[in-house]
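Chains as they are written, first to last, in my numbering: chain G, 32 to 119; chain E, 3 to 340.
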Amino acid sequence: MTEKEITVRNRAGIHARPAALIVQTAGQFESEIILKKDSEEINAKSIMGIITLGAGYNSKLTVAADGSDESDAVEAIAALFENRFEEE
Amino acid sequence: MKTFTVLDLLDLDLKEHNALDLKCIGGRPGLTREIRSADLNRPGLALNGFFDAFGNDRIQIFGRGETAFLEQLEEEGKTDAIEELFRWDIPCVLFTHSLEPTPSFYELAEESNCPILQTDLPSSEFSSRLIRALSNVFAPQETIHGVLVEVFGIGVLILGASGVGKSETALELVERGHRLVADDAVEIRCVAGNILLGQGANRALGHHMEIRGLGIINITHLFGVGAIRDTKQIQLVVELEVWDSNKIYDRIGAEERSKEFLGVKVPYLQVPVKPGRNIPIIIETAAMNERLKKMGYYSAREFNQSVLKWLESENARNVYFRQKHDIDFDTSDDAHEA
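What follows is the structure, given as structure tokens:
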């Protein structure tokens, strides 16, 4: 199990496009990947789940992965957040 | 668990026989106070100055009796007990029957920034509604990855790894006239200790689904309001999984399996998926079978009962025929062995 704290840095928060990027990235890994916000845990391979998290600007999330490629998966997802999903 | 404040209580969107009809008539700065308990307190003893075992973490309800007593205190000019009441850390005070607090009570509440709420409901009715609402709020809950649909009145939670076809199955079910409750993120709550209620994790976003190749679709607009539902009790769990030829699947269904959520057991089926298997029909049938079980009829068991009965009667007939035709009566007959 690898975990990492991440912050939403793009102004618009996680709307449809960022969510799609997360799902696409998560889908490339074997591991089970979870996004956590407060008490909610969401499968990072489910687009509706990620959108319904309602993660706005500056909200803090935890990405956790469990499986053979867990550390790569966490890094890949965290990198998306750091690049602000190529948004503002 | 997020904190639940007095403002959240005012914002609770409850309909008809659940409505609380609350409004805030004073102490607005205190609306951010947290409500930590699902219980209520009638502060009769406290108003008399008795604060031992005072339920200060509860919402304080003032009905006709308490308000009449406040008026008497006002006439007599006694405010000690009221001052003491507001020195405690209480979430809010609440007047039923649209009653108004006395001027001194109002002032003291304002001073201590304690919110004063008012409802037009009678105390007893209001209490039962509030307890119902709060026990929902404070019920243990978790969010799970799955789809919740209502099929023939049975709440069916479809689970399975992503890409196995949960949403497609739900879409077909909706198309057949069943209802979608939540897609992808289902928030489940345990109410009254043994009931699991499921709803969409974010109801503000409405009923949408993601179908690979189509993208996000709005179920309400596409299929109408008849195709959706806000909350539903979870009565059956169906887990879809890719067909594994090495695995043994239940072929009879006489054995009752269950899955546990928040300490509540729900009937559970594992359905293997492979191309050409019509999963929606299987789920529809499972839901109907579940209804039959609720009525006390267990298809697989009853079937086995009739098989046993039939075998027995067959044996009995054998005995009869043999007695007639066999002259040397055979005692080691099948029927005796059975």
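Cβ coordinates follow ideal geometry from the N, Cα and C atoms, glycine included.
* With DSSP collapsed to three states, give me the class of Phe225 (chain E). => helix
* Contained alpha helix (DSSP H) runs [length at least 4] in the segment 138-225 of chain E, N- to C-terminal order -> 168-177 and 221-225
* Would the beta-carbon of Val183 (chain E) fall within 8 Å of that of Val151 (chain E)? -> yes
* Asked: What does Ala43 (chain G) reach in chain E if we use C-beta pairs closer than 9 Å?
  -> Here the premise fails: no neighbours, minimum Cβ distance about 15 Å.
* **Pro93 (chain E), DSSP secondary structure in three states** => coil
* At least three beta-carbon pairs within less than 8 Å, the segment 78-97 of chain G to the segment 37-55 of chain G -> yes
* State yes or no: is the C-beta of Thr38 (chain G) within less than 8 Å of the C-beta of Lys91 (chain G)? => yes
* When DSSP labels each residue in this structure, what does Asn74 (chain G) get in the three-state scheme? -> strand
* Asked: beta strand (DSSP E) containing Ala133 (chain G): first to last residue?
  -> Nothing can be reported for residue 133 (chain G): it is not among the residues displayed for chain G, which extend from 32 to 119.
* Asked: Hey, is Asp97 (chain G)'s beta-carbon within less than 8 Å of any beta-carbon in chain E?
  -> no
* To do: Please list, in chain order, all residues of the same chain as Ala104 (chain G) whose beta carbon is under 6 Å from its beta carbon, the five residues on each side excluded.
  => Phe60, Ser62, Ile64 and Ala96
* Any C-beta of chain G under 8 Å from that of Asp211 (chain E) -> A small fix is needed here, since residue 211 (chain E) is Met in this sequence, not Asp. It does; some Cβ of chain G falls within 8 Å.
* To do: Find the residues of chain G that neighbour Thr233 (chain E), judging by a C-beta separation of less than 8 Å, and give them in chain order.
  => Going along chain G, no residue has its Cβ under 8 Å from Thr233 (chain E), so there is no contact; the nearest lies around 15 Å.
* Asked: Touch check for the segment 123-136 of chain E and the segment 57-72 of chain E: three-plus C-beta pairs under 8 Å?
  -> yes
* Asked: Where does Ser247 (chain E) fall in DSSP's three states?
  -> coil
* To do: Quickly, what does DSSP pair Thr38 (chain G) with across the bridge? List them, please.
  => G:Lys91
* **Where the beta strand (DSSP E) through Ser260 (chain E) begins and ends** => Ser260 to Phe263
* Extent of the continuous beta strand (DSSP E) run through Lys276 (chain E) -> It is not in any beta strand (DSSP E) - Lys276 (chain E) carries neither H nor E in the DSSP assignment.
* Under three-state DSSP, which class holds Phe6 (chain E)? -> coil
* To do: Tell me, please, whether the CB atom of Ala86 (chain G) is closer than 8 Å to any CB atom in chain E?
  => no
* **Thr83 (chain G) - DSSP class collapsed to helix/strand/coil** => helix
* Quick one: give me the first and last residue of the alpha helix (DSSP H) that Thr287 (chain E) is part of. => Ile281 to Lys296
* If you run the structure through DSSP and keep just helix, strand and coil, what is Lys267 (chain E)? -> strand
* Asked: Excluding the five sequence neighbours on either side, which residues of its own chain have a C-beta within less than 7 Å of the C-beta of Thr169 (chain E), listed in chain order?
  -> With the sequence shown as reference, residue 169 (chain E) is identified as Ser, and Thr is not the correct amino acid for it. Only Val149, Asp185, Met211, Glu212 and Ile213 meet the Cβ criterion.
* Simplified DSSP assignment, three categories, for Thr98 (chain E) -> coil
* Ala135 (chain E) to Asn20 (chain E) span [Cα, whole Å] -> 8 Å
* Check whether the Cβ atoms of Gln235 (chain E) and Ile285 (chain E) lie closer than 8 Å to each other. => no
* Asked: Which of the residues in the segment 160-188 of chain E, read from start to end, lie with their CB under 7 Å from any CB of chain G?
  -> Ser164, Asp185, Asp186 and Ala187
* Asked: Going along the chain, which unbroken runs of the alpha helix (DSSP H) with 4 or more residues stay wholly within the segment 26-67 of chain E?
  -> 46-49
* Identify each residue in the segment 68-83 of chain G for which the Cβ-Cβ distance to at least one residue of chain E is less than 8 Å, and report them in chain order. => Asp69, Ser70, Glu71, Glu72, Ile73, Asn74, Lys76, Ser77, Ile78, Met79, Gly80, Ile82 and Thr83
* Any Cβ of chain G within less than 8 Å of the Cβ of Glu339 (chain E)? -> With a pLDDT of 48 at Glu339 (chain E), under the threshold of 50, the modelled position of that residue is not reliable, and no figure is offered here.
* **Glu86 (chain E), DSSP secondary structure in three states** => helix
* Just how far apart, CA to CA, sit Phe107 (chain E) and Lys261 (chain E)? -> 53 Å
* **Ala110 (chain G) at chain E interface by Cβ criterion, 8 Å** => no
* To do: Compute the Euclidean distance between the alpha carbons of Val95 (chain E) and Asn220 (chain E), then round it to the nearest angstrom.
  => 42 Å
* **Inter-residue spacing [alpha-carbon to alpha-carbon] between Leu33 (chain E) and Ala187 (chain E)** => 30 Å
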